[in-house]
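Quick notes on the structure that follows.
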Amino acid sequence: MTEELAQAWSQAAADYEEHFIDPYAADVRNPLWRALARIPRKKSKTVGDLGCGTGPLLPRLAREFGHVLAVDFAEGMLQRARARCRSLNNVTFHRLPLQNLQPLHGQLDVAVAINSLGLPHPAEIDQALRQIWHCLRPGGWLLGIVPAMDAIHYMTMLLVDRALQRGLPLDAARKNAAHHANHAEYDFAFSRFLYRGTEQHFWFGFEVPYRLRRAGFVRLRLAKVYIPWPQVTKLKDLDRFPPTWDWFFAARKSAHPKSAPLAQ
1485 MTEELAQAWS QAAADYEEHF IDPYAADVRN PLWRALARIP RKKSKTVGDL
1535 GCGTGPLLPR LAREFGHVLA VDFAEGMLQR ARARCRSLNN VTFHRLPLQN
1585 LQPLHGQLDV AVAINSLGLP HPAEIDQALR QIWHCLRPGG WLLGIVPAMD
1635 AIHYMTMLLV DRALQRGLPL DAARKNAAHH ANHAEYDFAF SRFLYRGTEQ
1685 HFWFGFEVPY RLRRAGFVRL RLAKVYIPWP QVTKLKDLDR FPPTWDWFFA
1735 ARKSAHPKSA PLAQ
């Protein structure tokens, strides 16, 4: 990850929460909470918030776990996260990219990666997942949320049908859908999202187990984080359809050596 990209995200820290979907909002149906609740003896465990951003999850993790490692590669994000956690004495901060977590190898019982695995290059994603695998102790869990490219296709379908029902010809309906779904910011063939000069990777559902298994994880579980339409669009009439989503996953590091990734 280049220093230029870290600087770009540092600059975005000031208004980050105003521009990105909030997976922690009360009206979001987020499987993360149930997954965290199922982890036993959390007060004796260390959790890593990998790609913690401005730290919205850190206070909750600090209440539930014995120790929290907050990791981000952008100093601007960490500054805001430190300010949020000023009164907490069990949170330590590390400026590290997810592709280079060697200082934390073997230190985590649980790793949480919320919208931080949108790295633009597939090799970077694979490297980050392998690094997280090495950070986990045997039997440790990785809980993650990644942006869903499938959901953009779903929204596009609804928007095309909406326009057709209003009497637009097909070409006009497609242009209308592309406008409201911000197609200019996406590369659908290669699952790319372009924002403020930075590139992020959006995930398809089939990609999640594929990459996690390549990284050595087992016991994979995939679910949807259901996001209310008002977080995504100002169009009122989509509320009658099931909500859009991000992908949630839970995966475990097996204690069996055969699950080790092929490369570090």
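Residue numbers (our numbering): 1485 to 1748. Just so you know, even glycine gets a beta-carbon here, dropped at the ideal spot from N, CA and C.
- Leu1580 and His1667 have their C-alpha atoms roughly 32 Å apart.
- In this structure, Phe1677 and Leu1706 do not form a Cβ contact; the two beta carbons are roughly 20 Å apart against a cut-off of 8 Å.
- Judged by DSSP secondary structure, Ala1595 falls within the beta strand (DSSP E) whose first and last residues are Leu1592 to Ile1598.
- Within the same chain, no Cβ atom closer than 6 Å to the Cβ of Gly1681 is found once the five residues on either side in sequence are excluded.
- Leu1613 and Gly1590 have their alpha carbons spaced roughly 14 Å apart.
- The three-state reading of DSSP puts Tyr1508 in coil, since its state is none of H, G, I, E or B.
- Within 10 angstroms of the beta-carbon of Arg1695 lie 16 or more other beta-carbons, which makes it buried.
- Secondary structure of Thr1640 (DSSP, three-state): helix.
- Contact check between the segment 1549 to 1565 and the segment 1620 to 1629: fewer than three CB pairs, one atom from each, fall below 8 Å, which does not count as touching.
- The Cβ atoms of Ala1699 and Asp1610 sit closer than 9 Å to each other.
- A distance of 9 Å or more separates the beta carbons of Thr1728 and Met1633.
- Burial check for Phe1674: the Cβ neighbour count within 10 Å stays below 16, so the residue is exposed.
- Note that the segment 1528 to 1547 touches the segment 1562 to 1577; at least 3 beta-carbon pairs, one per stretch, sit closer than 8 Å.
- His1618 carries a helical assignment under DSSP once its states are collapsed to helix, strand and coil.
- Gln1586 sits in a helix when the DSSP states are folded into three classes.
- With contacts defined by Cβ atoms closer than 9 Å, Leu1601 and Val1555 do not form a contacting pair.
- Straight-line spacing of the CA atoms in His1618 and Val1531 works out to 14 Å.
- For the pair Asn1660 and Leu1643, the CB atoms are nearer than the 9 Å cut-off.
- In the three-state DSSP reduction, Gly1689 falls in the coil class, being neither helix nor strand.
- Non-local C-beta neighbours of Leu1704 in its own chain, meaning closer than 6 Å and more than five positions away in sequence, comprise Pro1693, Leu1696 and Ala1735, ordered along the chain.
- For Gly1532, there is no enclosing alpha helix (DSSP H); the residue is part of the beta strand (DSSP E) that begins and ends at Thr1530 to Leu1534.
- Taking a contact as a CB-CB distance under 8 Å, the pair Leu1541 and Val1594 does not count as one, their CB atoms being some 12 Å apart.
- Each of Lys1737, Glu1691, Phe1690 and Gln1684 was checked against the Cα of Phe1504, and the nearest Cα belongs to Gln1684.
- Secondary structure at Ile1609: helix, using DSSP grouped into helix, strand and coil.
- Shown here, Lys1718 sits in coil according to DSSP, grouped into three states, outside any helix or strand.
- Assigned with DSSP and collapsed to three states, Arg1570 falls in coil, not helix or strand.
- In the three-state scheme derived from DSSP, where H, G and I count as helix and E and B as strand, Ala1558 is classed as coil.
- By the C-beta density criterion, Ala1647 is buried, having at least 16 other C-beta atoms within 10 angstroms.
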